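Taking it in order: structure first as C-alpha coordinates, then the write-up.
Below is the structure:
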(Lines of atoms letter the chains of each structure in order from A and count residues from 1; the text may use other names and numbers.)
(Lines give C-alpha, C1' and ligand atoms only; values in the text may rest on other atoms or scores of the structure.)
Protein backbone atom coordinates (compact mmCIF):
# COMPACT_ATOMS: atom_id res chain seq x y z
CA UNK A 1 0.00 0.00 0.00
CA UNK A 2 1.29 3.46 -0.94
CA UNK A 3 1.96 5.70 2.06
CA UNK A 4 1.22 9.43 1.63
CA UNK A 5 1.91 12.19 4.14
CA UNK A 6 -0.69 14.97 4.03
CA UNK A 7 -0.37 18.49 5.45
CA UNK A 8 -1.56 22.06 4.95
CA UNK A 9 -0.48 25.64 5.61
CA UNK A 10 -3.17 27.79 4.02
CA UNK A 11 -2.58 31.49 4.49
CA UNK A 12 -2.63 34.67 2.40
CA UNK A 13 -0.66 37.68 3.65
CA UNK A 14 -1.24 41.41 3.31
CA UNK A 15 2.03 43.31 3.68
CA UNK A 16 0.24 46.63 4.15
CA UNK A 17 -1.71 45.53 7.22
CA UNK A 18 0.09 46.96 10.28
CA UNK A 19 -0.05 43.86 12.51
CA UNK A 20 1.53 40.45 12.06
CA UNK A 21 -0.41 37.19 12.09
CA UNK A 22 0.53 35.01 15.05
CA UNK A 23 -0.64 31.87 16.79
CA UNK A 24 -3.90 33.46 17.91
CA UNK A 25 -4.94 34.05 14.31
CA UNK A 26 -4.56 30.44 13.22
CA UNK A 27 -6.50 27.26 13.61
CA UNK A 28 -4.00 24.41 13.84
CA UNK A 29 -5.16 20.81 13.56
CA UNK A 30 -2.91 17.82 14.12
CA UNK A 31 -2.99 14.22 13.02
CA UNK A 32 -6.31 12.40 12.93
CA UNK A 33 -8.13 15.54 14.16
CA UNK A 34 -8.18 16.70 10.54
CA UNK A 35 -11.10 14.35 9.83
CA UNK A 36 -13.28 16.58 12.04
CA UNK A 37 -12.27 19.78 10.21
CA UNK A 38 -12.38 18.91 6.53
CA UNK A 39 -15.10 21.47 5.78
CA UNK A 40 -12.54 24.16 6.62
CA UNK A 41 -9.63 22.51 4.80
CA UNK A 42 -11.41 21.98 1.48
CA UNK A 43 -8.39 21.13 -0.68
CA UNK A 44 -7.12 18.76 1.99
CA UNK A 45 -10.56 17.12 1.96
CA UNK A 46 -10.24 16.51 -1.77
CA UNK A 47 -6.73 15.11 -1.37
CA UNK A 48 -7.71 12.74 1.44
CA UNK A 49 -10.93 11.49 -0.14
CA UNK A 50 -9.30 10.80 -3.49
CA UNK A 51 -6.24 9.08 -1.98
CA UNK A 52 -8.56 6.98 0.17
CA UNK A 53 -10.44 6.00 -2.98
CA UNK A 54 -7.11 4.74 -4.34
CA UNK A 55 -6.70 2.62 -1.16
CA UNK A 56 -3.56 4.54 -0.19
CA UNK A 57 -2.54 4.89 3.44
CA UNK A 58 -3.14 8.48 4.57
CA UNK A 59 -0.65 9.88 7.10
CA UNK A 60 -2.06 13.20 8.41
CA UNK A 61 0.48 15.62 9.89
CA UNK A 62 -0.14 19.33 10.61
CA UNK A 63 -2.83 21.59 9.14
CA UNK A 64 -2.87 25.37 9.71
CA UNK A 65 -5.31 27.93 8.32
CA UNK A 66 -6.31 31.52 9.06
CA UNK A 67 -8.33 34.37 7.64
CA UNK A 68 -5.86 36.49 5.62
CA UNK A 69 -4.11 39.19 7.65
CA UNK A 70 -0.61 40.64 7.93
CA UNK A 71 2.69 38.89 7.37
CA UNK A 72 3.20 35.82 9.56
CA UNK A 73 5.35 36.19 12.66
CA UNK A 74 8.62 34.41 11.99
CA UNK A 75 8.65 32.53 15.31
CA UNK A 76 5.17 31.08 14.82
CA UNK A 77 5.81 30.20 11.18
CA UNK A 78 9.01 28.35 12.07
CA UNK A 79 7.22 26.51 14.87
CA UNK A 80 4.60 25.13 12.46
CA UNK A 81 7.16 24.50 9.73
CA UNK A 82 9.42 22.53 12.05
CA UNK A 83 6.55 20.55 13.51
CA UNK A 84 5.40 19.64 10.01
CA UNK A 85 8.91 18.50 9.12
CA UNK A 86 9.28 16.45 12.29
CA UNK A 87 5.90 14.78 11.89
CA UNK A 88 6.67 13.83 8.30
CA UNK A 89 10.06 12.48 9.36
CA UNK A 90 8.45 10.36 12.08
CA UNK A 91 6.33 8.50 9.53
CA UNK A 92 9.16 6.44 8.09
CA UNK A 93 9.26 5.55 4.41
CA UNK A 94 6.84 7.56 2.28
CA UNK A 95 5.80 7.40 -1.35
CA UNK A 96 4.68 11.03 -1.56
CA UNK A 97 3.89 14.22 0.34
CA UNK A 98 0.58 15.89 -0.53
CA UNK A 99 0.12 19.49 0.56
CA UNK A 100 -2.55 22.17 0.46
CA UNK A 101 -0.95 25.62 0.42
CA UNK A 102 -2.23 29.04 -0.54
CA UNK A 103 0.84 30.35 -2.34
CA UNK A 104 0.76 33.97 -1.12
CA UNK A 105 2.13 33.68 2.40
CA UNK A 106 4.74 36.26 3.36
CA UNK A 107 6.73 35.66 6.54
CA UNK A 108 8.47 38.23 8.72
CA UNK A 109 12.19 38.51 7.77
CA UNK A 110 11.82 35.61 5.30
CA UNK A 111 9.43 36.77 2.58
CA UNK A 112 8.33 33.86 0.39
CA UNK A 113 6.74 31.54 2.96
CA UNK A 114 5.82 28.65 0.69
CA UNK A 115 9.23 28.73 -0.97
CA UNK A 116 10.91 28.51 2.42
CA UNK A 117 8.58 25.73 3.58
CA UNK A 118 9.05 23.64 0.45
CA UNK A 119 12.82 24.09 0.45
CA UNK A 120 13.00 22.74 4.01
CA UNK A 121 10.77 19.80 3.12
CA UNK A 122 12.85 19.04 0.05
CA UNK A 123 16.12 19.22 2.00
CA UNK A 124 14.80 16.63 4.47
CA UNK A 125 13.15 14.43 1.83
CA UNK A 126 15.21 14.91 -1.35
CA UNK A 127 13.75 12.01 -3.34
CA UNK A 128 10.12 12.06 -2.20
CA UNK A 129 7.36 13.12 -4.58
CA UNK A 130 5.92 16.50 -3.46
CA UNK A 131 2.63 17.75 -4.93
CA UNK A 132 0.61 20.73 -3.72
CA UNK A 133 -2.77 22.27 -4.40
CA UNK A 134 -2.59 26.08 -4.63
CA UNK A 135 -5.00 29.00 -4.65
CA UNK A 136 -5.67 30.76 -7.97
CA UNK A 137 -4.26 33.91 -6.31
CA UNK A 138 -0.92 32.27 -5.52
CA UNK A 139 2.45 33.88 -6.11
CA UNK A 140 4.46 31.01 -7.57
CA UNK A 141 8.17 31.62 -7.06
CA UNK A 142 11.36 30.08 -8.42
CA UNK A 143 12.07 28.65 -4.97
CA UNK A 144 8.69 26.94 -4.87
CA UNK A 145 9.18 25.42 -8.32
CA UNK A 146 12.69 24.22 -7.48
CA UNK A 147 11.47 22.31 -4.43
CA UNK A 148 8.26 20.59 -5.57
CA UNK A 149 7.29 18.19 -8.32
CA UNK A 150 3.91 19.66 -9.20
CA UNK A 151 1.43 22.42 -8.41
CA UNK A 152 -2.23 22.44 -9.37
CA UNK A 153 -4.38 25.54 -8.92
CA UNK A 154 -8.02 26.44 -8.49
CA UNK A 155 -9.81 27.28 -11.73
CA UNK A 156 -12.61 29.33 -10.20
CA UNK A 157 -12.93 32.76 -8.58
CA UNK A 158 -14.89 33.00 -6.38
CA UNK A 159 -13.38 29.66 -5.34
CA UNK A 160 -15.89 26.84 -5.61
CA UNK A 161 -13.46 24.11 -6.75
CA UNK A 162 -11.14 23.88 -3.76
CA UNK A 163 -12.07 20.27 -3.02
CA UNK A 164 -11.84 19.36 -6.70
CA UNK A 165 -8.36 20.92 -6.84
CA UNK A 166 -7.27 18.68 -3.98
CA UNK A 167 -8.59 15.71 -5.93
CA UNK A 168 -6.55 16.78 -8.96
CA UNK A 169 -3.42 16.96 -6.81
CA UNK A 170 -4.11 13.41 -5.61
CA UNK A 171 -4.62 12.27 -9.20
CA UNK A 172 -1.16 13.57 -10.10
CA UNK A 173 0.34 11.60 -7.24
CA UNK A 174 -1.41 8.43 -8.33
CA UNK A 175 -0.37 8.89 -11.97
CA UNK A 176 3.28 9.24 -11.00
CA UNK A 177 3.33 6.35 -8.54
CA UNK A 178 1.28 3.86 -10.55
CA UNK A 179 3.04 4.57 -13.85
CA UNK A 180 6.50 5.07 -12.37
CA UNK A 181 6.78 8.36 -14.27
CA UNK A 182 8.27 11.65 -13.16
CA UNK A 183 6.11 14.75 -12.99
CA UNK A 184 7.81 17.62 -14.79
CA UNK A 185 6.80 21.21 -14.24
CA UNK A 186 7.01 24.10 -16.68
CA UNK A 187 6.74 27.53 -15.06
CA UNK A 188 6.58 30.96 -16.64
CA UNK A 189 6.57 34.24 -14.77
CA UNK A 190 4.10 36.87 -16.10
CA UNK A 191 4.90 40.43 -14.93
CA UNK A 192 1.36 41.29 -13.86
CA UNK A 193 -0.44 41.61 -10.52
CA UNK A 194 -4.21 41.20 -10.57
CA UNK A 195 -6.75 41.43 -7.79
CA UNK A 196 -9.22 38.56 -7.85
CA UNK A 197 -12.04 41.01 -8.50
CA UNK A 198 -10.49 41.69 -11.93
CA UNK A 199 -10.13 38.00 -12.76
CA UNK A 200 -13.50 36.44 -12.05
CA UNK A 201 -13.54 33.17 -13.94
CA UNK A 202 -17.07 33.21 -15.36
CA UNK A 203 -16.49 36.45 -17.30
CA UNK A 204 -13.90 37.57 -19.85
CA UNK A 205 -10.99 37.49 -20.17
CA UNK A 206 -10.51 34.92 -17.41
CA UNK A 207 -13.28 32.76 -18.83
CA UNK A 208 -11.22 32.27 -21.99
CA UNK A 209 -8.02 31.77 -19.95
CA UNK A 210 -9.65 28.81 -18.21
CA UNK A 211 -10.64 27.42 -21.62
CA UNK A 212 -6.98 27.66 -22.64
CA UNK A 213 -6.05 25.60 -19.58
CA UNK A 214 -8.62 22.94 -20.40
CA UNK A 215 -7.42 22.80 -24.01
CA UNK A 216 -3.83 22.42 -22.83
CA UNK A 217 -4.84 19.53 -20.58
CA UNK A 218 -6.37 17.74 -23.55
CA UNK A 219 -2.90 17.48 -25.15
CA UNK A 220 -0.95 14.26 -24.95
CA UNK A 221 1.19 13.94 -21.82
CA UNK A 222 -0.15 17.18 -20.30
CA UNK A 223 -1.51 16.27 -16.88
CA UNK A 224 -2.36 19.71 -15.52
CA UNK A 225 -2.29 23.38 -16.49
CA UNK A 226 -2.85 26.33 -14.15
CA UNK A 227 -2.80 30.11 -14.13
CA UNK A 228 -1.96 32.02 -10.97
CA UNK A 229 -2.78 35.72 -10.75
CA UNK A 230 -0.55 36.72 -7.85
CA UNK A 231 -1.92 38.72 -4.92
CA UNK A 232 -1.27 42.49 -5.08
CA UNK A 233 -1.10 43.27 -1.32
CA UNK A 234 1.96 41.04 -0.85
CA UNK A 235 5.03 43.26 -1.11
CA UNK A 236 7.70 40.70 -1.99
CA UNK A 237 9.97 40.76 -5.07
CA UNK A 238 8.44 37.62 -6.57
CA UNK A 239 4.86 38.91 -6.68
CA UNK A 240 3.38 38.41 -10.13
CA UNK A 241 1.13 36.13 -12.15
CA UNK A 242 2.36 32.88 -13.65
CA UNK A 243 1.49 29.81 -15.69
CA UNK A 244 2.33 26.26 -14.63
CA UNK A 245 2.08 23.12 -16.76
CA UNK A 246 2.67 19.57 -15.54
CA UNK A 247 3.65 16.83 -17.98
CA UNK A 248 4.53 13.16 -17.74
CA UNK A 249 8.28 13.56 -17.96
CA UNK A 250 8.43 15.91 -20.95
CA UNK A 251 10.06 19.07 -19.60
CA UNK A 252 10.40 20.67 -23.03
CA UNK A 253 6.68 20.38 -23.64
CA UNK A 254 5.91 21.68 -20.16
CA UNK A 255 8.09 24.74 -20.70
CA UNK A 256 6.82 25.37 -24.22
CA UNK A 257 3.18 25.18 -23.16
CA UNK A 258 3.67 27.32 -20.05
CA UNK A 259 5.25 30.00 -22.24
CA UNK A 260 2.39 29.81 -24.72
CA UNK A 261 -0.17 30.18 -21.94
CA UNK A 262 1.76 33.09 -20.45
CA UNK A 263 1.71 34.89 -23.80
CA UNK A 264 -2.06 34.45 -24.10
CA UNK A 265 -2.51 35.85 -20.59
CA UNK A 266 -0.24 38.84 -21.22
CA UNK A 267 -1.88 39.70 -24.54
CA UNK A 268 -5.16 40.42 -22.74
CA UNK A 269 -3.69 42.32 -19.79
CA UNK A 270 -5.71 45.49 -20.49
CA UNK A 271 -8.96 43.51 -20.41
CA UNK A 272 -8.64 42.48 -16.77
CA UNK A 273 -11.15 44.93 -15.34
CA UNK A 274 -14.01 44.87 -12.87
CA UNK A 275 -16.94 42.80 -14.07
CA UNK A 276 -19.28 44.86 -11.93
CA UNK A 277 -19.74 48.60 -11.46
CA UNK A 278 -16.80 50.19 -9.64
CA UNK A 279 -16.54 53.84 -8.56
CA UNK A 280 -14.82 56.09 -6.02
CA UNK A 281 -16.55 55.84 -2.68
CA UNK A 282 -18.85 58.89 -2.83
CA UNK A 283 -19.95 58.10 -6.38
CA UNK A 284 -20.57 54.48 -5.41
CA UNK A 285 -22.90 55.58 -2.61
CA UNK A 286 -24.65 58.14 -4.83
CA UNK A 287 -25.30 55.63 -7.61
CA UNK A 288 -26.57 53.06 -5.13
CA UNK A 289 -29.04 55.54 -3.62
CA UNK A 290 -30.22 56.91 -6.96
CA UNK A 291 -30.74 53.49 -8.49
CA UNK A 292 -33.95 51.51 -8.50
CA UNK A 293 -32.58 48.00 -7.98
CA UNK A 294 -32.73 47.06 -4.32
CA UNK A 295 -31.10 45.69 -2.36
CA UNK A 296 -27.88 47.15 -3.69
CA UNK A 297 -24.69 45.85 -2.12
CA UNK A 298 -21.69 48.18 -2.03
CA UNK A 299 -18.33 46.47 -1.40
CA UNK A 300 -15.75 48.35 0.67
CA UNK A 301 -12.91 46.75 -1.28
CA UNK A 302 -10.05 48.65 0.35
CA UNK A 303 -10.95 47.05 3.69
CA UNK A 304 -11.76 43.52 2.55
CA UNK A 305 -10.78 41.08 5.34
CA UNK A 306 -10.53 38.17 2.90
CA UNK A 307 -7.67 40.19 1.37
CA UNK A 308 -6.00 40.51 4.77
CA UNK A 309 -7.22 43.91 5.97
CA UNK A 310 -8.00 44.85 9.60
CA UNK A 311 -11.73 45.34 8.86
CA UNK A 312 -11.84 48.46 11.04
CA UNK A 313 -11.41 51.14 8.37
CA UNK A 314 -14.02 53.86 8.91
CA UNK A 315 -13.78 55.77 5.62
CA UNK A 316 -16.98 54.43 4.10
CA UNK A 317 -18.87 55.04 7.35
CA UNK A 318 -17.70 58.65 7.30
CA UNK A 319 -18.73 58.96 3.64
CA UNK A 320 -22.21 57.61 4.40
CA UNK A 321 -22.70 59.96 7.35
CA UNK A 322 -21.64 62.97 5.28
CA UNK A 323 -23.69 62.03 2.20
CA UNK A 324 -26.68 64.34 1.79
CA UNK A 325 -28.89 61.74 0.08
CA UNK A 326 -28.67 58.85 2.54
CA UNK A 327 -31.76 60.02 4.45
CA UNK A 328 -33.83 59.73 1.26
CA UNK A 329 -33.81 55.96 1.65
CA UNK A 330 -36.80 54.43 3.41
CA UNK A 331 -34.52 52.28 5.55
CA UNK A 332 -31.11 53.17 6.92
CA UNK A 333 -28.09 51.73 5.10
CA UNK A 334 -26.42 48.84 6.91
CA UNK A 335 -22.63 48.55 7.25
CA UNK A 336 -21.38 44.99 7.72
CA UNK A 337 -19.06 44.87 9.54
CA UNK A 338 -16.61 46.80 11.71
CA UNK A 339 -14.30 44.54 13.71
CA UNK A 340 -13.74 46.33 17.01
CA UNK A 341 -13.48 44.16 20.14
CA UNK A 342 -13.19 47.21 22.44
CA UNK A 343 -16.39 48.80 21.14
CA UNK A 344 -18.09 45.41 21.15
CA UNK A 345 -17.24 44.86 24.81
CA UNK A 346 -18.41 48.36 25.74
CA UNK A 347 -21.87 47.41 24.44
CA UNK A 348 -22.14 44.31 26.63
CA UNK A 349 -25.34 44.25 28.68
CA UNK A 350 -26.64 47.48 27.15
CA UNK A 351 -29.16 46.28 24.55
CA UNK A 352 -31.80 48.96 23.98
CA UNK A 353 -29.67 51.69 25.53
CA UNK A 354 -27.98 54.75 24.00
CA UNK A 355 -24.19 54.93 24.06
CA UNK A 356 -21.29 57.01 22.73
CA UNK A 357 -18.86 54.76 20.86
CA UNK A 358 -15.40 55.40 19.48
CA UNK A 359 -15.50 53.03 16.55
CA UNK A 360 -12.79 51.58 14.29
CA UNK A 361 -9.48 53.02 13.17
CA UNK A 362 -7.58 51.20 15.91
CA UNK A 363 -5.55 48.86 13.71
CA UNK A 364 -5.93 50.60 10.36
CA UNK A 365 -4.78 53.97 11.66
CA UNK A 366 -2.79 54.51 8.45
CA UNK A 367 -5.72 54.89 6.06
CA UNK A 368 -8.51 55.80 8.49
CA UNK A 369 -9.15 57.11 11.99
CA UNK A 370 -11.55 56.32 14.83
CA UNK A 371 -14.98 57.87 14.57
CA UNK A 372 -17.21 58.94 17.47
CA UNK A 373 -20.86 58.00 17.11
CA UNK A 374 -23.93 58.32 19.27
CA UNK A 375 -25.61 54.95 18.93
CA UNK A 376 -28.58 52.97 20.14
CA UNK A 377 -27.79 49.31 20.72
CA UNK A 378 -30.49 47.39 18.85
CA UNK A 379 -29.38 43.78 19.26
CA UNK A 380 -26.54 41.72 20.74
CA UNK A 381 -25.57 38.12 20.01
CA UNK A 382 -22.85 36.45 22.09
CA UNK A 383 -20.76 33.47 21.02
CA UNK A 384 -22.20 33.32 17.50
CA UNK A 385 -21.07 30.11 15.82
CA UNK A 386 -21.67 29.02 12.24
CA UNK A 387 -19.15 26.29 11.48
CA UNK A 388 -20.06 26.06 7.80
CA UNK A 389 -18.89 29.68 7.49
CA UNK A 390 -15.79 29.06 9.62
CA UNK A 391 -17.16 31.26 12.43
CA UNK A 392 -16.85 30.31 16.09
CA UNK A 393 -17.30 32.34 19.28
CA UNK A 394 -18.08 35.65 17.60
CA UNK A 395 -19.86 38.47 19.42
CA UNK A 396 -22.15 40.62 17.25
CA UNK A 397 -23.67 44.00 18.06
CA UNK A 398 -26.10 45.91 15.84
CA UNK A 399 -26.09 49.64 16.56
CA UNK A 400 -28.17 52.42 15.02
CA UNK A 401 -26.98 55.98 14.46
CA UNK A 402 -28.95 58.93 13.13
CA UNK A 403 -28.45 57.91 9.50
CA UNK A 404 -26.93 54.41 9.32
CA UNK A 405 -26.87 51.07 11.12
CA UNK A 406 -23.63 49.21 11.79
CA UNK A 407 -22.79 45.63 12.75
CA UNK A 408 -19.83 45.51 15.15
CA UNK A 409 -17.93 42.25 15.70
CA UNK A 410 -15.55 41.11 18.41
CA UNK A 411 -13.03 39.88 15.83
CA UNK A 412 -12.42 39.91 12.11
CA UNK A 413 -14.74 37.83 9.98
CA UNK A 414 -15.08 37.15 6.28
CA UNK A 415 -18.39 38.60 5.08
CA UNK A 416 -19.08 35.75 2.67
CA UNK A 417 -22.70 34.83 3.39
CA UNK A 418 -25.80 36.90 4.23
CA UNK A 419 -26.79 34.45 6.98
CA UNK A 420 -24.62 36.30 9.50
CA UNK A 421 -26.30 39.59 8.62
CA UNK A 422 -29.80 38.14 8.73
CA UNK A 423 -29.20 36.58 12.14
CA UNK A 424 -28.32 39.92 13.76
CA UNK A 425 -30.42 42.29 11.62
CA UNK A 426 -34.20 41.78 11.68
CA UNK A 427 -34.59 44.44 8.95
CA UNK A 428 -32.13 42.85 6.52
CA UNK A 429 -34.78 41.99 3.92
CA UNK A 430 -36.11 45.57 3.89
CA UNK A 431 -32.78 47.38 3.44
CA UNK A 432 -32.18 49.17 0.13
CA UNK A 433 -28.43 49.68 0.66
CA UNK A 434 -26.03 47.31 2.40
CA UNK A 435 -22.29 47.95 2.63
CA UNK A 436 -20.12 44.85 3.02
CA UNK A 437 -16.43 44.60 3.81
CA UNK A 438 -15.65 42.59 0.71
CA UNK A 439 -14.39 42.63 -2.84
CA UNK A 440 -16.47 40.65 -5.28
CA UNK A 441 -19.72 39.37 -3.83
CA UNK A 442 -19.62 35.73 -2.88
CA UNK A 443 -22.23 33.48 -4.47
CA UNK A 444 -24.54 33.47 -1.44
CA UNK A 445 -24.80 37.27 -1.65
CA UNK A 446 -25.36 37.20 -5.40
CA UNK A 447 -28.51 35.20 -4.78
CA UNK A 448 -30.08 38.08 -2.81
CA UNK A 449 -28.46 41.13 -4.45
CA UNK A 450 -30.39 43.05 -7.10
CA UNK A 451 -27.29 45.11 -7.82
CA UNK A 452 -23.61 45.08 -6.87
CA UNK A 453 -21.18 48.02 -6.78
CA UNK A 454 -17.53 48.06 -5.77
CA UNK A 455 -16.35 51.15 -3.89
CA UNK A 456 -12.71 51.92 -4.71
CA UNK A 457 -11.88 52.76 -1.12
CA UNK A 458 -8.46 53.53 0.30
CA UNK A 459 -7.15 50.95 2.74
CA UNK A 460 -4.74 48.07 3.18
CA UNK A 461 -6.22 46.32 0.11
CA UNK A 462 -6.62 49.44 -2.01
CA UNK A 463 -7.82 48.32 -5.45
CA UNK A 464 -5.96 51.27 -7.01
CA UNK A 465 -2.51 49.70 -6.83
CA UNK A 466 -0.66 52.96 -7.49
CA UNK A 467 -1.85 54.16 -4.07
CA UNK A 468 -0.20 51.26 -2.21
CA UNK A 469 3.34 51.96 -0.86
CA UNK A 470 5.27 49.18 -2.59
CA UNK A 471 8.95 48.85 -1.67
CA UNK A 472 9.94 45.34 -2.70
CA UNK A 473 7.91 44.20 -5.73
CA UNK A 474 10.13 43.61 -8.75
CA UNK A 475 9.58 46.21 -11.45
CA UNK A 476 8.42 46.61 -14.13
CA UNK A 477 5.10 44.97 -13.39
CA UNK A 478 1.69 45.67 -14.88
CA UNK A 479 -0.41 47.72 -14.05
CA UNK A 480 2.04 49.75 -11.94
CA UNK A 481 4.16 50.00 -15.08
CA UNK A 482 2.76 50.04 -18.59
CA UNK A 483 5.53 51.20 -20.91
CA UNK A 484 7.54 48.00 -21.17
CA UNK A 485 7.68 44.88 -23.30
CA UNK A 486 7.42 41.29 -22.19
CA UNK A 487 8.15 38.15 -24.13
CA UNK A 488 7.56 34.78 -22.51
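Numbering (this note's numbering), first residue to last: 124 to 611. Note that the Cβ used here is the ideal one computed from N, Cα and C, for glycine as well. Please read all numbers here as calculations on a predicted model, not as lab measurements.
Beta-carbon proximity check, residue i vs residue j, cutoff 8 Å
| i | j | result |
| --- | --- | --- |
| residue 311 | residue 365 | yes |
| residue 258 | residue 276 | yes |
| residue 554 | residue 418 | yes |
| residue 170 | residue 220 | no |
| residue 195 | residue 231 | yes |
| residue 538 | residue 520 | no |
| residue 281 | residue 595 | no |
| residue 326 | residue 427 | no |
| residue 591 | residue 526 | no |
| residue 174 | residue 127 | yes |
| residue 576 | residue 411 | yes |
| residue 425 | residue 580 | yes |
| residue 177 | residue 297 | yes |
| residue 309 | residue 381 | yes |
| residue 289 | residue 125 | no |
| residue 517 | residue 533 | yes |
| residue 492 | residue 465 | no |
| residue 451 | residue 474 | no |
DSSP-derived helix/strand/coil call for residue i
| i | result |
| --- | --- |
| residue 517 | strand |
| residue 298 | helix |
| residue 244 | helix |
| residue 189 | coil |
| residue 233 | coil |
| residue 175 | helix |
| residue 264 | coil |
| residue 564 | coil |
| residue 256 | strand |
| residue 497 | strand |
| residue 505 | strand |
| residue 284 | coil |
| residue 271 | coil |
| residue 404 | helix |
| residue 127 | strand |
| residue 634 | Beyond the ends of the chain as shown, which are 124 and 611, falls residue 634; an answer cannot be given. |
| residue 307 | strand |
| residue 157 | helix |
| residue 394 | helix |
| residue 138 | coil |
| residue 118 | An answer regarding residue 118 cannot be provided, because it is not within the stretch 124 to 611 covered by the chain. |
| residue 169 | helix |
| residue 226 | coil |
Chain-order list of residues whose beta-carbon lies under 7 Å from that of residue i (same chain, five-residue window excluded)
| i | result |
| --- | --- |
| residue 395 | 317, 321, 322, 328 |
| residue 454 | 550, 553, 554, 555 |
| residue 386 | 611 |
| residue 247 | 208, 212 |
| residue 618 | No answer is possible for residue 618: it lies beyond the span of the chain, which begins at 124 and ends at 611. |
| residue 240 | 132, 204 |
| residue 302 | none |
Residues of its chain near residue i, where Cβ-Cβ distance is below 6 Å and the 5 sequence neighbours each way are ignored
| i | result |
| --- | --- |
| residue 134 | 189, 225, 228 |
| residue 383 | none |
| residue 324 | 279, 280, 333 |
| residue 470 | 500, 520 |
| residue 355 | 316, 318, 588 |
| residue 391 | 328 |
Expected contact under 8 Å - CB spacing of residue i and residue j to nearest Å
| i | j | result |
| --- | --- | --- |
| residue 562 | residue 191 | Contact doesn't hold; Cβ gap of about 11 Å is too wide. |
| residue 461 | residue 483 | 5 Å |
| residue 438 | residue 404 | 7 Å |
| residue 372 | residue 304 | 5 Å |
| residue 522 | residue 514 | Not really, about 20 Å apart at Cβ, beyond 8 Å. |
| residue 166 | residue 256 | 4 Å |
| residue 440 | residue 494 | 6 Å |
| residue 273 | residue 341 | Rounded, the Cβ-Cβ distance is 18 Å, inconsistent with contact. |
| residue 421 | residue 578 | 5 Å |
| residue 512 | residue 498 | Actually they are not in contact, since the Cβ atoms of residue 512 and residue 498 sit about 26 Å apart, beyond 8 Å. |
| residue 416 | residue 573 | 4 Å |
Closer than 8 Å to chain C by CB, residue i
| i | result |
| --- | --- |
| residue 309 | This model lacks chain C altogether, as it is built from one protein chain only. |
Original post:
Along the chain, which unbroken stretches of the beta strand (DSSP E) at least 3 residues long are found entirely within the stretch 407-491?
Top reply: The qualifying runs are 419-423, 457-462, 477-482.
Subject >> Complete alpha helix (DSSP H) runs within the stretch 196-224 (minimum length 4 residues, chain order) >> reply: 197-212
Subject >> Completely contained beta strand (DSSP E) runs for the stretch 310-392, where each covers 3 or more residues >> reply: Within the stretch 310-392, the complete beta strand (DSSP E) runs of at least 3 residues are 345-351, 364-370.
**OP:** Let me know the alpha helix (DSSP H) ranges lying completely inside the stretch 530-586, each 4 residues or longer, listed in chain order.
**Re:** 541-547, 566-569
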